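J.: The structure that follows is given in the form of structure tokens.
There are 2 protein chains.
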Amino acid sequence: MENFTFYAPTYFDFGKGAEEHVGTLVRRFGGSKVLLHYGGGSIKKSGLYDTVKRCLKEENIDVVELGGVKPNPRSGLVYEGIELCKKEGVDFVLAVGGGSTIDSSKAIAAGACYDGDFWDFYCKKASIEKALPVGTILTIAAAGSEGSMNTVITHEETGIKTGAASEVLRPRFSILNPEFTCTLPPYQTAAGATDIMIHVCERYFSNTTEVEVTDRLCEALLKTIIHEAPRVIENPNHYEARANIMWAGMLAHNNVCGVGRVQDWASHHIEHELSALYDVTHGAGLAVIAPAWMRYVLKINPHKLVQFAERVWDIEPQATEEETALKGIEAFESFLKSIGMPLTFDEIGADEKDAELMTGKLLRSKPTEGNYVKLTADDVMKIYHYAATGEM
Amino acid sequence: MENFTFYAPTYFDFGKGAEEHVGTLVRRFGGSKVLLHYGGGSIKKSGLYDTVKRCLKEENIDVVELGGVKPNPRSGLVYEGIELCKKEGVDFVLAVGGGSTIDSSKAIAAGACYDGDFWDFYCKKASIEKALPVGTILTIAAAGSEGSMNTVITHEETGIKTGAASEVLRPRFSILNPEFTCTLPPYQTAAGATDIMIHVCERYFSNTTEVEVTDRLCEALLKTIIHEAPRVIENPNHYEARANIMWAGMLAHNNVCGVGRVQDWASHHIEHELSALYDVTHGAGLAVIAPAWMRYVLKINPHKLVQFAERVWDIEPQATEEETALKGIEAFESFLKSIGMPLTFDEIGADEKDAELMTGKLLRSKPTEGNYVKLTADDVMKIYHYAATGEM
Numbered sequence: 000m001e002n003f004t005f006y007a008p009t010y011f012d013f014g015k016g017a018e019e020h021v022g023t024l025v026r027r028f029g030g031s032k033v034l035l036h037y038g039g040g041s042i043k044k045s046g047l048y049d050t051v052k053r054c055l056k057e058e059n060i061d062v063v064e065l066g067g068v069k070p071n072p073r074s075g076l077v078y079e080g081i082e083l084c085k086k087e088g089v090d091f092v093l094a095v096g097g098g099s100t101i102d103s104s105k106a107i108a109a110g111a112c113y114d115g116d117f118w119d120f121y122c123k124k125a126s127i128e129k130a131l132p133v134g135t136i137l138t139i140a141a142a143g144s145e146g147s148m149n150t151v152i153t154h155e156e157t158g159i160k161t162g163a164a165s166e167v168l169r170p171r172f173s174i175l176n177p178e179f180t181c182t183l184p185p186y187q188t189a190a191g192a193t194d195i196m197i198h199v200c201e202r203y204f205s206n207t208t209e210v211e212v213t214d215r216l217c218e219a220l221l222k223t224i225i226h227e228a229p230r231v232i233e234n235p236n237h238y239e240a241r242a243n244i245m246w247a248g249m250l251a252h253n254n255v256c257g258v259g260r261v262q263d264w265a266s267h268h269i270e271h272e273l274s275a276l277y278d279v280t281h282g283a284g285l286a287v288i289a290p291a292w293m294r295y296v297l298k299i300n301p302h303k304l305v306q307f308a309e310r311v312w313d314i315e316p317q318a319t320e321e322e323t324a325l326k327g328i329e330a331f332e333s334f335l336k337s338i339g340m341p342l343t344f345d346e347i348g349a350d351e352k353d354a355e356l357m358t359g360k361l362l363r364s365k366p367t368e369g370n371y372v373k374l375t376a377d378d379v380m381k382i383y384h385y386a387a388t389g390e391m
Numbered sequence: 000m001e002n003f004t005f006y007a008p009t010y011f012d013f014g015k016g017a018e019e020h021v022g023t024l025v026r027r028f029g030g031s032k033v034l035l036h037y038g039g040g041s042i043k044k045s046g047l048y049d050t051v052k053r054c055l056k057e058e059n060i061d062v063v064e065l066g067g068v069k070p071n072p073r074s075g076l077v078y079e080g081i082e083l084c085k086k087e088g089v090d091f092v093l094a095v096g097g098g099s100t101i102d103s104s105k106a107i108a109a110g111a112c113y114d115g116d117f118w119d120f121y122c123k124k125a126s127i128e129k130a131l132p133v134g135t136i137l138t139i140a141a142a143g144s145e146g147s148m149n150t151v152i153t154h155e156e157t158g159i160k161t162g163a164a165s166e167v168l169r170p171r172f173s174i175l176n177p178e179f180t181c182t183l184p185p186y187q188t189a190a191g192a193t194d195i196m197i198h199v200c201e202r203y204f205s206n207t208t209e210v211e212v213t214d215r216l217c218e219a220l221l222k223t224i225i226h227e228a229p230r231v232i233e234n235p236n237h238y239e240a241r242a243n244i245m246w247a248g249m250l251a252h253n254n255v256c257g258v259g260r261v262q263d264w265a266s267h268h269i270e271h272e273l274s275a276l277y278d279v280t281h282g283a284g285l286a287v288i289a290p291a292w293m294r295y296v297l298k299i300n301p302h303k304l305v306q307f308a309e310r311v312w313d314i315e316p317q318a319t320e321e322e323t324a325l326k327g328i329e330a331f332e333s334f335l336k337s338i339g340m341p342l343t344f345d346e347i348g349a350d351e352k353d354a355e356l357m358t359g360k361l362l363r364s365k366p367t368e369g370n371y372v373k374l375t376a377d378d379v380m381k382i383y384h385y386a387a388t389g390e391m
């Protein structure tokens with residue numbers, strides 16, 4: 000185990016009716032004038048928008064609104080939000096929605112306390128030292144942004160999709176009412192479950208030895224999703240299954256299961272190029288990329304894939320490590336398919352002819368990607384090739 | 000799953016050399032004059048005391064000292080600490096030691112901000128609204144107080160051992176360097192591992208349904224201890240095993256694996272009467288009480304014991320649920336024995352003739368104990384009886 004620090008000071012208010020506390024929570028964490036940031040009409044349809052407005056009004060909190068966040072959130076709206084915060088003297092950013100809305104809110108919160116271009120944080124020209132406090136009301140279990148220090152934004156002019164992270168971006172509070180996730184369509188629900196699993200896998204697939212406690216936590220979260228995801232696909236209104244997925248989604252990415260180890264993140268970054276180019280749902284892109292990544296690295300470094308097979312998918316040891324690991328990957332692919340996820344380029348409208356473009360963007364400023372296996376451009380091309388053709 | 004809130008804003012600095020950051024961490028979290036609270040000579044022997052003094056001096060932090068904390072920490076030293084804090088204008092309490100030292104520090108921190116008798120918090124006459132900030136350097140993996148909102152104190156005059164809890168008691172930071180736990184003797188190490196396991200079990204044994212994610216997390220922590228504890232008994236200097244136990248110990252009691260469910264706590268409370276009367280090591284007392292509790296409740300409410308057997312101890316389903324559960328309890332008992340823990344009254348110098356006295360103290364202000372099964376005085380007497388005689 001490596002040395003680490005862990006600091007996750009988000010206040011979680013979880014369960015039915017938790018959204019009623021939004022006014023008092025904004026007050027508790029220092030807000031008096033909020034930017035209310037959200038996506039499309041779903042929070043208006045569900046009544047959540049009205050509840051939030053009422054609760055903020057009851058606490059005499061002023062509200063400036065900015066809707067219109069899209070999946071794979073864009074830089075344009077972030078610039079607009081930053082300007083609005085500065086002009087209006089906003090002192091708190093309240094995100095109501097899924098991971099895209101929260102990521103956009105974090106970008107705005109950081110940009111509002113910075114004199115330069117907020118994109119400096121994403122292209123690593125500057126680090127985020129200060130941000131407006133952020134609070135969230137989560138409506139999609141997937142990204143884990145409600146408890147994480149991360150944000151991912153797509154720059155509209157360059158098509159670059161990339162992330163930034165800072166301790167100051169952890170939300171001050173997050174309200175998690177699983178009821179609001181019940182209206183999410185099956186495909187989006189399954190994509191969310193996939194995203195959660197791959198957040199865990201990016202931490203799990205590590206060469207750091209002697210990390211039994213975090214390995215076991217990772218396996219616990221994966222087993223939870225394996226149990227719960229089919230239940231919500233079967234019955235979208237299954238509150239209890241939604242609740243377990245929602246809490247697992249937070250834990251999968253607040254890093255409690257990732258401390259003390261070198262993490263991978265190749266699947267996420269390889270996928271980001273897909274969703275930046277085709278605007279595919281991130282979790283669906285991961286369902287295509289992660290198993291392809293597993294099949295590719297299996298030949299080079301199988302040890303953790305063997306553990307993944309045995310402990311997560313209950314595969315009995317086969318004649319060789321490679322066979323055991325392969326059975327684990329197959330079980331994972333079957334699972335993804337069973338919840339309606341795609342496994343190939345075709346199914347998400349991607350085209351192998353763009354593989355070179357995507358690989359070039361991915362490795363624009365570094366020689367390799369990932370850590371479990373350090374992937375060169377050639378390796379990444381082969382992973383895209385497998386995802387496109389099913390051939391290694 | 001039940002509604003819940005979860006707020007664990009402790010900054011953890013984990014690993015070799017982390018103690019060097021104590022000065023900057025006290026400063027970061029607002030301290031300028033600390034009460035340095037510790038136990039006996041072990042931190043002087045290890046050099047930790049000198050390091051702490053040097054690091055605080057480097058940050059120009061004033062220090063008032065109070066050593067002498069004993070296992071099962073007493074009210075007398077708490078009164079002394081409170082007076083010292085008030086007289087000296089202390090603004091931060093720094094605990095250097097194990098759970099007893101941290102629990103004593105939390106009591107002092109709360110008492111220093113209160114005009115009445117600090118014991119009011121423990122006998123539930125008052126709730127803790129305010130406390131001096133507490134920081135810790137942990138030297139024993141067991142109590143989980145380094146990340147929890149809990150404190151347990153024994154009142155010297157009445158012999159009552161009981162707890163208090165408050166959000167404001169969560170340490171602001173905790174420094175966890177597993178190296179400092181390597182000098183702990185095998186018996187104390189095993190008692191710590193037992194305490195960690197029972198912190199998990201108190202949460203695990205619940206009638207709340209649909210708590211897959213927290214069930215899985217509980218099982219992950221139990222499996223970690225089952226794997227790691229024998230390794231440190233075998234080789235006390237096994238840094239990696241010590242590290243996994245230390246982080247598991249924090250997670251076992253910061254409540255991340257206990258949210259959204261009714262918890263039990265009967266074993267802890269039944270044991271507190273033992274350690275209050277005989278001054279036995281808490282974890283060793285738990286090794287005697289928890290399996291006895293399991294054997295007793297098995298007849299009344301076996302369902303979670305079956306899951307415990309199958310998922311934690313890998314027991315194959317037997318002819319009846321009761322048989323499956325019993326095999327799990329037996330596996331747990333064998334494990335405890337293998338790491339050198341006692342299982343009977345005899346081994347800890349307890350006497351069944353005190354069972355009535357202990358039961359009376361335990362149920363002095365409530366009709367039943369625990370939640371998984373609500374135990375009457377008669378039930379508690381039978382559990383003590385089993386622990387004393389091995390007969391149900």
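Residue numbers (numbering that gives the first Met the number 0), protein chains in the order written: chain H, 0 to 391; chain G, 0 to 391.
For each residue, glycine too, the CB sits at the ideal point set by N, CA and C.
Being a predicted model, the structure only gives us computed values, none of them experimental.
#1: Could you tell me which of H/273, H/37, H/340, H/302 sits nearest to residue 187 of chain H, measuring between CA atoms?
#2: Could you compute how far the alpha carbon of residue 274 of chain G sits from the alpha carbon of residue 343 of chain G?
#3: Could you please tell me which residues of the stretch 114-140 of chain H, in chain order, have their CB closer than 8 Å to any CB of chain G?
#4: Which of the three DSSP states, helix, strand or coil, is assigned to residue 210 of chain G?
#5: Using a Cβ-Cβ cutoff of less than 6 Å, which residues in the same chain neighbour residue 271 of chain G once the five nearest sequence positions on both sides are dropped?
#6: Taking 8 Å as the limit between beta carbons, can you name the residues of its chain near residue 389 of chain G, skipping five residues before and five after?
#7: Inspect the beta-carbon positions of residue 18 of chain G and residue 174 of chain G and report whether they are closer than 7 Å.
#8: I want to check one thing, is the minimum distance from the CB of residue 359 of chain H to the heavy atoms of the ligand ADP below 6 Å?
#9: Under 9 Å, CB to CB, which of the residues in the stretch 308-323 of chain H have a partner in chain G?
#10: Assuming residue 192 of chain G and residue 338 of chain G form a contact by the criterion Cβ under 8 Å, report the distance between their Cβ atoms to the nearest whole angstrom.
#11: Between the C-alpha atoms of residue 86 of chain H and residue 109 of chain H, what's the straight-line distance to the nearest angstrom?
#12: Straight-line CA distance for residue 331 of chain H to residue 50 of chain G?
#13: Nearest by alpha-carbon distance to residue 3 of chain G: which of G/255, G/98, G/328 is it?
#14: Do residue 201 of chain H and residue 263 of chain H have their beta-carbon atoms positioned less than 7 Å apart in this structure?
#15: Rounded to the nearest angstrom, what separates residue 208 of chain G and residue 233 of chain H at their Cα positions?
#16: Nearest to residue 276 of chain G by alpha carbon, out of G/24, G/179, G/377, G/154?
#17: State whether the stretch 278-295 of chain H contacts the stretch 293-300 of chain G, with contact taken as three or more CB pairs (one from each stretch) at a distance under 8 Å.
#18: Decide if residue 185 of chain G is buried, meaning its Cβ has at least 16 other Cβ atoms within 10 Å, or exposed.
#19: Considering only residues of the stretch 155-215 of chain G, which uninterrupted beta strand (DSSP E) runs meet the minimum length of 3 residues and lie entirely inside it, listed in chain order?
#20: If you pair each beta-carbon of the stretch 25-40 of chain G with each one of the stretch 54-62 of chain G, do three or more pairs fall below 8 Å?
#21: Nearest-angstrom Cα distance between residue 374 of chain H and residue 267 of chain H?
#22: Could you tell me the alpha carbon to alpha carbon distance between residue 72 of chain H and residue 48 of chain G, rounded to whole angstroms?
#23: Could you check where the beta strand (DSSP E) with residue 96 of chain H kicks off and where it finishes?
#24: Taking the straight line between their C-alpha atoms, what separation do you get for residue 322 of chain G and residue 307 of chain G?
#25: When you compare the CB positions of residue 10 of chain H and residue 117 of chain H, do they come within less than 7 Å of one another, or not?
#26: Would you kindly work out how many angstroms separate the C-alpha atoms of residue 220 of chain G and residue 14 of chain H, rounded to a whole number?
#27: Can you give me the start and stop residues for the beta strand (DSSP E) that residue 135 of chain H sits inside?
#28: Compare the C-alpha of residue 24 of chain H against each of H/115, H/36, H/6, H/54 and name the closest.
#29: Could you round the C-beta distance between residue 170 of chain G and residue 145 of chain G to whole angstroms and report it? I think they count as a contact, below 8 Å.
#30: Any contact of the stretch 64-81 of chain G with the stretch 96-107 of chain G, i.e. 3+ C-beta pairs under 8 Å?
#31: Quick check on residue 350 of chain H: buried or exposed, where buried means 16 or more other Cβ atoms within 10 Å of its Cβ?
#32: What first and last residue would you give for the alpha helix (DSSP H) that runs through residue 250 of chain H?
#33: Can you tell which of G/39, G/204, G/250 has its C-alpha closest to the C-alpha of residue 370 of chain G?
#34: Is residue 216 of chain H close to chain G, meaning its C-beta is less than 7 Å from at least one C-beta of that chain?
#35: Can you tell which of H/37, H/196, H/131, H/379 has its C-alpha closest to the C-alpha of residue 166 of chain H?
#36: Only counting the same chain, and skipping five residues up and downstream in sequence, which positions put a Cβ closer than 6 Å to that of residue 244 of chain G?
T.: The answer reads as follows:
#1: Here residue 187 of chain H refers to the residue found at position 188 when the first sequence is read from its first residue. It is H/340.
#2: As a working note, residue 274 of chain G is residue 275 in the second sequence. As a working note, residue 343 of chain G is residue 344 in the second sequence. Cα to Cα, the separation comes out at about 14 Å.
#3: none
#4: Start at 1 with the first residue of the second sequence, and residue 210 of chain G comes out as number 211. Three-state DSSP puts residue 210 of chain G in coil, outside helix and strand.
#5: Here residue 271 of chain G corresponds to residue number 272 of the second sequence, with the count starting at 1. Apart from sequence neighbours up to five positions away, the residues of its chain that approach residue 271 of chain G with a beta-carbon distance below 6 Å are 160, ordered along the chain.
#6: If you number the second sequence from 1, residue 389 of chain G lands on position 390. Excluding positions up to five away in sequence, the list reads 343.
#7: Translated into the one-based positions of the second sequence, residue 18 of chain G becomes position 19. Translated into the one-based positions of the second sequence, residue 174 of chain G becomes position 175. Contact: yes.
#8: The model on display carries no ligand, and the ligand ADP is accordingly not part of it.
#9: The stretch 308-323 of chain H vs chain G, Cβ under 9 Å: nothing.
#10: Numbered from its first residue, the second sequence carries residue 192 of chain G at position 193. Numbered from its first residue, the second sequence carries residue 338 of chain G at position 339. Correct: roughly 6 Å between the Cβ atoms.
#11: The sequence position of residue 86 of chain H within the first sequence is 87, counting from 1. The sequence position of residue 109 of chain H within the first sequence is 110, counting from 1. Just so you know, the alpha carbons of residue 86 of chain H and residue 109 of chain H end up roughly 15 Å apart.
#12: Taking the first residue of the first sequence as 1, we reach residue 331 of chain H at position 332. Taking the first residue of the second sequence as 1, we reach residue 50 of chain G at position 51. Between residue 331 of chain H and residue 50 of chain G, the C-alpha separation is close to 50 Å.
#13: For the purposes of this step, residue 3 of chain G is taken as the residue at position 4 of the second sequence. Minimum Cα distance to residue 3 of chain G is reached at G/255.
#14: On the first sequence, residue 263 of chain H is found 264 positions in, with the first residue counted as 1. On the first sequence, residue 201 of chain H is found 202 positions in, with the first residue counted as 1. Cβ atoms of residue 263 of chain H and residue 201 of chain H: closer than 7 Å.
#15: In the second sequence, residue 208 of chain G corresponds to position 209, counting from 1. In the first sequence, residue 233 of chain H corresponds to position 234, counting from 1. Each residue's alpha carbon lies about 19 Å from the other.
#16: Position 277 of the second sequence, counted from the first residue, corresponds to residue 276 of chain G. That would be G/154, whose Cα lies nearest to the Cα of residue 276 of chain G.
#17: no
#18: Start at 1 with the first residue of the second sequence, and residue 185 of chain G comes out as number 186. By the 16-neighbour rule on beta-carbons within 10 angstroms, residue 185 of chain G is exposed.
#19: Segments of the beta strand (DSSP E) lying fully in the stretch 155-215 of chain G: 160-164, 172-175.
#20: The answer is yes - the stretch 54-62 of chain G touches the stretch 25-40 of chain G, with three or more Cβ pairs under 8 Å.
#21: Here residue 374 of chain H corresponds to residue number 375 of the first sequence, with the count starting at 1. Here residue 267 of chain H corresponds to residue number 268 of the first sequence, with the count starting at 1. Approximately 13 Å, taken between the alpha carbons.
#22: Counted from its first residue, the first sequence places residue 72 of chain H at position 73. Counted from its first residue, the second sequence places residue 48 of chain G at position 49. Taking the straight line joining both Cα atoms gives about 51 Å.
#23: Position 97 of the first sequence, counting from 1, holds the residue named residue 96 of chain H. DSSP places residue 96 of chain H in the uninterrupted beta strand (DSSP E) bounded by 91-96.
#24: Along the second sequence, one-based indexing puts residue 322 of chain G at 323. Along the second sequence, one-based indexing puts residue 307 of chain G at 308. Going by the C-alpha atoms only, they are around 13 Å apart.
#25: To locate residue 10 of chain H, count along the first sequence from 1; it is residue 11. To locate residue 117 of chain H, count along the first sequence from 1; it is residue 118. In this structure, residue 117 of chain H does not lie closer than 7 Å to residue 10 of chain H by Cβ.
#26: Position 221 of the second sequence, counting from 1, holds the residue named residue 220 of chain G. Position 15 of the first sequence, counting from 1, holds the residue named residue 14 of chain H. Distance between the alpha carbons of residue 220 of chain G and residue 14 of chain H is about 25 Å.
#27: Here residue 135 of chain H refers to the residue found at position 136 when the first sequence is read from its first residue. Unbroken beta strand (DSSP E) run through residue 135 of chain H: 133-137.
#28: Looking up residue 24 of chain H in the first sequence gives position 25. Taking only the C-alpha atoms, the option nearest residue 24 of chain H is H/54.
#29: Here residue 170 of chain G refers to the residue found at position 171 of the second sequence. Here residue 145 of chain G refers to the residue found at position 146 of the second sequence. Rounded, the Cβ-Cβ distance is 6 Å, consistent with contact.
#30: yes
#31: One-based indexing of the first sequence puts residue 350 of chain H at position 351. Label assigned to residue 350 of chain H: exposed.
#32: The residue you call residue 250 of chain H lines up with position 251 of the first sequence. Segment 238-250, the alpha helix (DSSP H) holding residue 250 of chain H.
#33: Locating residue 370 of chain G in the second sequence gives position 371, counting from the first residue. When only C-alpha atoms are compared, the closest one is G/204.
#34: Counting from 1 along the first sequence, the entry for residue 216 of chain H is found at position 217. Judged by the 7 Å Cβ criterion, residue 216 of chain H is in contact with chain G.
#35: Sequence index remark: in the first sequence, residue 166 of chain H carries index 167 (1-based). The shortest Cα separation from residue 166 of chain H among H/37, H/196, H/131, H/379 belongs to H/131.
#36: Counting from one through the second sequence, the residue named residue 244 of chain G turns up at place 245. The beta carbon of residue 244 of chain G sits closer than 6 Å to those of 140, 227, all from its chain and outside the five residues before and after it, given in chain order.
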